[in-house]
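> In this note's numbering, the protein residues as written are 5 to 678. This is the structure I want to talk about, given as structure tokens.
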Amino acid sequence: MPRNPLDSPLEHQQSLDDMRRKYRAERDKRLSVDRSDLLDLEGELAHYLDDPYLQAAPRRPIRDDVDAVVVGAGFGGLLSGAYLRKAGVNRIRLIDRAGGVGGVWYWNRYPGAMCDVESYIYLPLLEEFGYIPSDKYALGADIRAHAEMIARRYRLDADALLQTSVTGARWDEVLRRWEVSTDRGDVISTQFLVLANGALSKLKLPDLPGLETFQGHAFHTSRWDYSYTGGDARGDLTGLRDQVVGVVGTGASAVQCVPPLGRSAKHLYVFQRTPSTVAVRANRPTDPEWAQSLEPGWQYRRMVNFTTLVTGGHDDEDLVSDGWTDVYRDVLMSPKFAGLSPAEAAKAIEVADLAKMEGVRARVEQIVRDPATADALKPYYRYLCKRPAFHDEFLDAFNYPNVTLVDTQGKGLERVYEHGVVANGVKFDLDGLIFATGFEFGTLYTHRIGFDLVGRDGLKLSDKWSPGMVSLHGVTTHGFPNLLVLPGPGSQSSISVNLVHALWENAAHIGYIVRRTLEEGHRTFEVTEAAENEWVQTLLASVRDISAYLADCTPGRRNNEGRPADRSRQNVDYGKGPIAFYKLLREWRDEGSLAGITFGDLTRAKRTFARNIAPPASAGPYVKRRTGPHVKRGFRLAGKRCILCPHVRLLFGIGMPWQVVLTSAMSNARRLST
Ligand SMILES: Cc1cc2nc3c(=O)[nH]c(=O)nc-3n(C[C@H](O)[C@H](O)[C@H](O)COP(=O)(O)OP(=O)(O)OC[C@H]3O[C@@H](n4cnc5c(N)ncnc54)[C@H](O)[C@@H]3O)c2cc1C
Numbered sequence: 005m006p007r008n009p010l011d012s013p014l015e016h017q018q019s020l021d022d023m024r025r026k027y028r029a030e031r032d033k034r035l036s037v038d039r040s041d042l043l044d045l046e047g048e049l050a051h052y053l054d055d056p057y058l059q060a061a062p063r064r065p066i067r068d069d070v071d072a073v074v075v076g077a078g079f080g081g082l083l084s085g086a087y088l089r090k091a092g093v094n095r096i097r098l099i100d101r102a103g104g105v106g107g108v109w110y111w112n113r114y115p116g117a118m119c120d121v122e123s124y125i126y127l128p129l130l131e132e133f134g135y136i137p138s139d140k141y142a143l144g145a146d147i148r149a150h151a152e153m154i155a156r157r158y159r160l161d162a163d164a165l166l167q168t169s170v171t172g173a174r175w176d177e178v179l180r181r182w183e184v185s186t187d188r189g190d191v192i193s194t195q196f197l198v199l200a201n202g203a204l205s206k207l208k209l210p211d212l213p214g215l216e217t218f219q220g221h222a223f224h225t226s227r228w229d230y231s232y233t234g235g236d237a238r239g240d241l242t243g244l245r246d247q248v249v250g251v252v253g254t255g256a257s258a259v260q261c262v263p264p265l266g267r268s269a270k271h272l273y274v275f276q277r278t279p280s281t282v283a284v285r286a287n288r289p290t291d292p293e294w295a296q297s298l299e300p301g302w303q304y305r306r307m308v309n310f311t312t313l314v315t316g317g318h319d320d321e322d323l324v325s326d327g328w329t330d331v332y333r334d335v336l337m338s339p340k341f342a343g344l345s346p347a348e349a350a351k352a353i354e355v356a357d358l359a360k361m362e363g364v365r366a367r368v369e370q371i372v373r374d375p376a377t378a379d380a381l382k383p384y385y386r387y388l389c390k391r392p393a394f395h396d397e398f399l400d401a402f403n404y405p406n407v408t409l410v411d412t413q414g415k416g417l418e419r420v421y422e423h424g425v426v427a428n429g430v431k432f433d434l435d436g437l438i439f440a441t442g443f444e445f446g447t448l449y450t451h452r453i454g455f456d457l458v459g460r461d462g463l464k465l466s467d468k469w470s471p472g473m474v475s476l477h478g479v480t481t482h483g484f485p486n487l488l489v490l491p492g493p494g495s496q497s498s499i500s501v502n503l504v505h506a507l508w509e510n511a512a513h514i515g516y517i518v519r520r521t522l523e524e525g526h527r528t529f530e531v532t533e534a535a536e537n538e539w540v541q542t543l544l545a546s547v548r549d550i551s552a553y554l555a556d557c558t559p560g561r562r563n564n565e566g567r568p569a570d571r572s573r574q575n576v577d578y579g580k581g582p583i584a585f586y587k588l589l590r591e592w593r594d595e596g597s598l599a600g601i602t603f604g605d606l607t608r609a610k611r612t613f614a615r616n617i618a619p620p621a622s623a624g625p626y627v628k629r630r631t632g633p634h635v636k637r638g639f640r641l642a643g644k645r646c647i648l649c650p651h652v653r654l655l656f657g658i659g660m661p662w663q664v665v666l667t668s669a670m671s672n673a674r675r676l677s678t
């Protein structure tokens, strides 16, 4: 049994002091290392980005004219697409560089890939689809299949542009539309632009000398090369029987893929910089009786219950009752803390944290037989410094005779050479090198999404947001009309460990704004500067100062690799937590005036024009309404951007020189624009 420092008040001050010293020493070891980890994957390294699951199919560039472009086909993009449909939006182009939908679940197909938040609350729209995942934690393939089902149900797949990267987006003030360009030469004009690029979609490799010289098989876990390893997501990697393989990293992806690799490879070296906390997962098949007993509204209730508990709120019930809710109950909101002063509570939380971490370390000792390996796998930092991992086989994999942990004491690999890697001054010859090194996180938004946006008057989003984000609710920003952004960490919104809950709430919010814009016959909406500045002030006032906590953490994603102060203080989540944030969004919608939003100042002619685009509120998602012979919106004709003026019944192209096209071209124009 782990020793609980709370059991002995006399002992716990001593334990705390000792542990604080130990945590700081472990942090300092890692801080002293140069952690420059942003490597642009270009030239000889560009192949790391290739899609191993589907060959790129050539196609012609598309010139198109749609109602909404959604960038990113993960759950954020799919939920946005679903809510845009519910809002009456007709033509939607979902664009993703992946060859299919699912986002991270398209890319991350490594053996053992699963969600680490319970699938009954992680997979969205379960009630609507009448679907219950077969296990408490679903396999990646099942999650991807569910994403495909959402795409089909909401007809987001038919017009999707896959294997296509968005390379730019420019606001056209004359047409009042976004022009989106892609690496396939597409130019798509759209009324609304939704950015659902994902917070963990840009893979990261360590900037190692000699990386490009490695002659064996090398790939990132989000581009798993089954043609080399054999087997499938369940394991049985027959191609590795005679292979010596190295895995770089011991974070969330490594925790899941090390056991199947260990069972299959001739020898597996696991190179560790910082150990993860690995607690019990206890996955199990879904109980059919429980599934039968679920009542309408169950999924949303369960999601809210989970998010409430894991963000320090109170609920009498713990519906999910897993490692996540345990952590928060034991560490953050123990009833033991009631009635304490803030300083006493902070100390009590620290003691509870220590007890929790002692439990994690004791588990390592119980499972891993070799004492030196067990010692190296013990994490020394406070529980929430890093996203905790939950797994029942990871630690045991280090008992396999063919699995060796190479602990680098925070330094990471030194270099790569033709036939392997160097760590701790020792050469390790390898046939395969697998980078479980995660994703770019917390960097400048436009760097992460891979393109810049140019808003009104040539304003670049990178310029506007480089000193720090400015937005209303993290969703929309002044100077970029009709642009809607899905949340990620520190994006002036609010997320928690179940990211899909946040994506779902925000997708509904986006759907509402679009529906109101269309219903009221407007072509554009835009947040005022005053409203977004006010939101920034609200955020700053709501944020609890946890800089001291973060500064004490071992370097990682949460504290910007040990440099928390380098992040703009504006790039934060709403400090009162996700449940309060979703309530705030709901109240904003219920109030009805779209406070802080202005609509495009439409002329009478444009109102007529806009009505032709917008279906009535009562129309179902797929109903298309056209009154009269008018072309719906701007389009291209003979390479010119054109709009139709419904009153004079002329087509005129915009550009230099102006072009007037007689109505005799109208049938052609209609064909082009629908
Ligand atoms: C292996 C793994 C497991 C995870 N497990 C969990 C979990 O259990 N619980 C949890 O809450 N979260 C988990 N996450 C976090 C995960 O990011 C979210 O749960 C969620 O799936 C994110 O959805 P998204 O739509 O925001 O982004 P993504 O799923 O990342 O989708 C974004 C898509 O945008 C595309 N894209 C980006 N830029 C461009 C561009 N310029 N042009 C075209 N396409 C572009 C990408 O290719 C990607 O497909 C996990 C993440 C990973 C990597």
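Glycine residues also receive a C-beta, built at the ideal position from the N, C-alpha and C atoms.
1) Starting from V531, trace the beta strand (DSSP E) both ways and give me its first and last residue.
2) Given the structure, does S257 come close to ligand 1, in the sense that its CB is under 8 Å from one of the ligand's heavy atoms?
3) In chain order, which continuous runs of the beta strand (DSSP E) of length 3 or greater are located wholly inside the stretch 43-103?
4) Whose C-alpha, out of I601, T311, E533, I136, is nearest the C-alpha of E293?
5) Identify whether D236 lies in helix, strand or coil by the three-state DSSP scheme.
6) Can you find at least 3 beta carbon pairs, one from the stretch 189-205 and one from the stretch 426-445, that sit closer than 8 Å?
7) Is L544 buried or exposed, if buried means 16 or more other CB atoms sit within 10 Å of its CB?
8) Within the same chain, show all residues whose beta-carbon is closer than 7 Å to that of I453, passing over the 5 residues directly before and after it, in chain order.
9) Suppose the cutoff is 7 Å on Cβ atoms and the five residues either side in sequence are ignored; what does the same chain contact list for V284 look like?
10) Pairs of beta-carbons, one from the stretch 296-309 and one from the stretch 158-178, closer than 8 Å: are there three or more?
11) Would you identify the three-state DSSP class for W175, choosing helix, strand or coil?
12) Looking at the strands, I want to know which residues DSSP matches up with R571.
13) Could you give the C-beta distance for T171 and T194, rounded to a whole number, given that I count them as a contact under 8 Å?
14) So what does W182 bridge to, in DSSP terms?
15) Check whether the Cβ atoms of V368 and L381 sit closer than 9 Å, and answer yes or no.
16) Okay, do the stretch 266-285 and the stretch 465-472 touch, 3+ Cβ pairs below 8 Å being the bar?
17) For H318, does the three-state DSSP call read helix, strand or coil?
18) Am I right that A77 and V108 are in contact with their C-beta atoms under 8 Å? What's the rounded C-beta distance?
19) Could you tell me how far apart the beta carbons of V252 and L417 are, in whole angstroms, since I believe they sit closer than 8 Å?
20) Quick one: residues in its chain with C-beta nearer than 6 Å to the C-beta of A91, no 5 flanking neighbours on either side, listed in chain order?
21) Comparing the CB of F79 with every heavy atom of ligand 1, is any distance shorter than 8 Å?
22) From what residue to what residue does the beta strand (DSSP E) around V284 run?
23) With K696 as the anchor, note down where its alpha helix (DSSP H) starts and where it stops.
24) Which of helix, strand or coil does DSSP assign to M473?
25) Out of D461, T528, K415, I99, which has the shortest C-alpha to C-alpha gap to L212?
26) If P115 sits next to R306, beta carbons under 8 Å apart, how far is it from one beta carbon to the other, in whole angstroms?
27) Here's the rule: buried if 16 or more other CB atoms are within 10 angstroms of the residue's CB, otherwise exposed. What is G624?
28) Indicate, with yes or no, if ligand 1 has a heavy atom lying under 8 Å from the CB of D44.
29) Could you check the C-alpha separation between G234 and A61 for me, to the nearest Å?
30) Quick check: L244 and K206, are their CB atoms within less than 9 Å of each other?
31) Per DSSP, which residues does K464 bridge with? Please list them.
32) Does at least one heavy atom of ligand 1 sit under 8 Å from the Cβ of R34?
33) Round the Cβ separation of V248 and L53 to the nearest angstrom and send it over; I've been treating them as touching at under 8 Å.
34) Run through the DSSP bridge pairs and tell me what F439 is partnered with.
35) Measure the CB-CB distance between T602 and F529 and report whether it falls below 9 Å.
36) Starting from A552, trace the alpha helix (DSSP H) both ways and give me its first and last residue.
Checking against the coordinates, here is how it stands:
1) Note, V531: beta strand (DSSP E), 529-531.
2) S257 Cβ: within cutoff of ligand 1.
3) Listed in chain order, the complete beta strand (DSSP E) runs (minimum 3 residues) inside the stretch 43-103 are 67-75, 96-99.
4) Nearest C-alpha to E293: I136.
5) Three-state result, D236: strand.
6) With a cut-off of 8 Å on Cβ pairs, the stretch 189-205 is in contact with the stretch 426-445, counting three or more such pairs.
7) Its Cβ having fewer than 16 others within 10 Å, L544 is exposed.
8) Contacts found: L199, N201.
9) Once the five neighbours on either side are set aside, the close Cβ partners of V284 are G327, F394, D396.
10) Result no; under three Cβ-Cβ pairs closer than 8 Å.
11) In this structure, W175 counts as strand in the three-state DSSP scheme.
12) According to DSSP, R571 bridges with nothing at all.
13) T194 and T171 do not touch by the CB rule: their CB atoms are close to 15 Å apart, not below 8 Å.
14) W175, T194, per the DSSP bridge assignment.
15) Their beta carbons are under 9 Å apart, which means V368 touches L381 by this criterion.
16) Segments in contact, no.
17) Note: H318 maps to coil in three-state DSSP.
18) 11 Å between Cβ atoms; not a contact.
19) Indeed, because the Cβ distance is near 6 Å, the residues count as touching under 8 Å.
20) Residues of the same chain with a CB within less than 6 Å of the CB of A91, apart from the 5 flanking positions on each side, are G515, V518, R519 in chain order.
21) Using a cutoff of 8 Å, the CB of F79 counts as near ligand 1, since one of the ligand's heavy atoms is closer than that.
22) Looking at the DSSP string, V284 is not in any beta strand (DSSP E), and its letter there is neither H nor E.
23) The question about residue 696 has no answer here: the residues shown for the chain are numbered 5 through 678.
24) Coil, per DSSP.
25) Of D461, T528, K415, I99, the residue nearest in Cα terms is K415.
26) With a contact defined as Cβ atoms closer than 8 Å, P115 and R306 miss out at about 29 Å.
27) Any reading at G624 must be qualified, since the residue scores a pLDDT of 31, below 50, and its modelled position is unreliable; the value itself is stated next. That one is exposed.
28) Because no heavy atom of ligand 1 lies under 8 Å away, the Cβ of D44 does not count as near it: no.
29) Rounded to the nearest angstrom, the two C-alpha atoms are 24 Å apart.
30) Cβ atoms of L244 and K206: not closer than 9 Å.
31) K464 is bridged to V458.
32) For R34, the Cβ stays outside the 8 Å cut-off from all heavy atoms of ligand 1.
33) With 8 Å as the limit, V248 and L53 do not qualify as a contact, their Cβ atoms being about 26 Å apart.
34) Bridge partners of F439: H224, V252.
35) Yes, the Cβ-Cβ distance between T602 and F529 is below 9 Å.
36) 551-556 is the extent of the alpha helix (DSSP H) around A552.
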